[in-house]
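*Asks:* If you use numbering that gives the first Met the number 0, the sequence shown corresponds to residues 0 to 259, in order.
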Amino acid sequence: MKIQILEKTDTEIKFLLEDSNFQFANTLRRIMMSEIPILAITYVDFSLNNSVLYNEIIAHRLGLIPLVFNPKDFHFKEEHEKGKTCSMCEVVFAINKKGPGMIYSKDMKSSNPEVKPMYDNIPIVELFDDQRLKLEASASLGLGLKHARYQAANAFYRFYPSVKISGKINNIDEVIKSCPKNAFKFENNKFSVSLDCDLCKECLKVARPKGSLEIIGDNTKFIFNIESISGLKPEDIVLSAVDILKEKVKDLNKQVKKIK
0 MKIQILEKTD TEIKFLLEDS NFQFANTLRR IMMSEIPILA ITYVDFSLNN SVLYNEIIAH
60 RLGLIPLVFN PKDFHFKEEH EKGKTCSMCE VVFAINKKGP GMIYSKDMKS SNPEVKPMYD
120 NIPIVELFDD QRLKLEASAS LGLGLKHARY QAANAFYRFY PSVKISGKIN NIDEVIKSCP
180 KNAFKFENNK FSVSLDCDLC KECLKVARPK GSLEIIGDNT KFIFNIESIS GLKPEDIVLS
240 AVDILKEKVK DLNKQVKKIK
């Protein structure tokens with residue numbers, strides 16, 4: 000199994016997974032989306048809110064604001080006795096603002112200086128004259144399996160495109176122009192396709208004679224696109240997913256041995 004990084008930014012990563020199968024690829028995708036612990040606001044205590052938005056709407060907005068945090072510094076709240084918390088399982092944010100003016104994510108004051116909103120300019124609510132918002136919001140770890148606010152990333156994959164030519168294509172220029180992704184090239188009497196190809200097969204409709212061109216997805220190679228929608232870096236999300244998968248395999252192995 001091989002991994003080749005194709006593109007990388009602060010919030011996205013694109014890589015090629017080779018010598019694998021779609022069962023493994025889909026398992027990795029699902030873990031990245033729903034089983035990586037993410038810190039998010041789960042409870043909001045309103046002291047005063049006479050803005051135009053109900054408490055529930057503001058609480059919902061706060062819950063979906065991505066938070067920057069170090070996963071090694073936190074554990075699940077459920078690991079404590081019921082009703083008990085600590086600084087390693089909970090972070091409290093406070094907002095106390097008067098109108099007029101827009102309240103942004105940068106106005107959230109954190110009890111932990113290492114934990115903050117990923118973006119400063121996320122609008123929460125606009126206050127007008129004589130309006131005020133005062134609240135405390137508690138953030139804790141959770142999994143995307145339980146709620147969308149804990150989803151670590153948007154993750155998807157597609158098959159690696161492969162070209163098969165039978166005989167001679169009589170209208171190569173027309174085939175090249177038919178691709179909406181401009182993925183085809185014909186150089187040195189060789190026909191090639193780039194990774195931009197999404198297997199839409201528009202080219203097959205114009206290729207003459209019919210059947211002279213075939214585009215298929217290689218089911219041993221997968222192009223992954225990962226976009227972080229949490230406070231974690233995309234590469235950390237991939238590595239965490241691999242570690243979680245390893246633990247799942249270990250647990251399965253233990254259970255199988257018990258059967259013997």
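Here a beta-carbon is modelled for each residue, glycine too, at the ideal position from N, C-alpha and C. Quick caveat: nothing in here was measured; it's all calculated off a predicted structure.
Take the Cβ of V51 as the centre, count every other Cβ of all protein chains shown within 10 Å, and call the residue buried at 16 or more, exposed below.
*Replies:* Here residue 51 is taken as the residue at index 52 of the sequence shown, counted from 1. When all chains shown are included, V51 counts as exposed.
*Asks:* Classify S280 as buried or exposed, calling it buried when 16 or more other Cβ atoms lie within 10 Å of its own Cβ.
*Replies:* Given a span of 0 to 259 for the chain in the structure shown, any question on residue 280 remains unanswerable.
*Asks:* Nearest-angstrom Cα distance between I37 and S191?
*Replies:* Residue mapping note: residue 37 aligns to position 38 of the sequence shown, counting from 1. Residue mapping note: residue 191 aligns to position 192 of the sequence shown, counting from 1. C-alpha separation (whole angstroms): 42 Å.
*Asks:* Note down, one range per segment and in chain order, each alpha helix (DSSP H) of at least 4 residues found wholly within the stretch 88 to 136.
*Replies:* none
*Asks:* So what's Q150 in DSSP terms, helix, strand or just coil?
*Replies:* If you number the sequence shown from 1, residue 150 lands on position 151. Q150: coil per DSSP, three-state reduction.
*Asks:* Any heavy atom of the ligand NAD within a distance shorter than 6 Å of the CB on I228?
*Replies:* For the structure depicted, the ligand NAD is absent and the ligand set is empty, with no information on it obtainable.
*Asks:* In this structure, what does DSSP give as the bridge partners for D44?
*Replies:* In the sequence shown, the residue the question calls residue 44 occupies position 45. DSSP lists E135 as partners of D44.
*Asks:* Just checking, does the stretch 124 to 134 make contact with the stretch 193 to 206 on the three C-beta pairs under 8 Å criterion?
*Replies:* no
*Asks:* With a threshold of 16 other CB atoms inside 10 Å of the CB of C196, please say whether the residue is buried or exposed.
*Replies:* On the sequence shown, residue 196 is found 197 positions in, with the first residue counted as 1. With 16 or more Cβ atoms within 10 Å of its Cβ, C196 is classed as buried.
*Asks:* Please classify V114 as buried or exposed, where buried requires at least 16 neighbouring CB atoms within 10 angstroms.
*Replies:* Reading the sequence shown from its first residue, position 115 is the one you call residue 114. Under this definition V114 is a buried residue.
*Asks:* Roughly how many angstroms separate the alpha carbons of C199 and D9, rounded to a whole number?
*Replies:* Locating residue 199 in the sequence shown gives position 200, where the first residue counts as 1. Locating residue 9 in the sequence shown gives position 10, where the first residue counts as 1. If I take the Cα positions, the gap works out to 30 Å.
*Asks:* Assuming contact is defined by CB atoms lying nearer than 7 Å, are P116 and I64 in contact in what I supplied?
*Replies:* Here residue 116 refers to the residue found at position 117 of the sequence shown. Here residue 64 refers to the residue found at position 65 of the sequence shown. Yes, Cβ-Cβ distance for P116 and I64 is below 7 Å.
*Asks:* For a quick check, are the C-beta atoms of K71 and C88 less than 7 Å apart?
*Replies:* Reading the sequence shown from its first residue, position 72 is the one you call residue 71. Reading the sequence shown from its first residue, position 89 is the one you call residue 88. Cβ atoms of K71 and C88: not closer than 7 Å.
*Asks:* If you run the structure through DSSP and keep just helix, strand and coil, what is I175?
*Replies:* As a position in the sequence shown, residue 175 is number 176, starting the count at 1. Correct three-state label for I175: helix.
*Asks:* Can you name the start and end residues of the alpha helix (DSSP H) that F21 belongs to?
*Replies:* One-based indexing of the sequence shown puts residue 21 at position 22. Where F21 is concerned, the enclosing alpha helix (DSSP H) stretches over 21 to 33.
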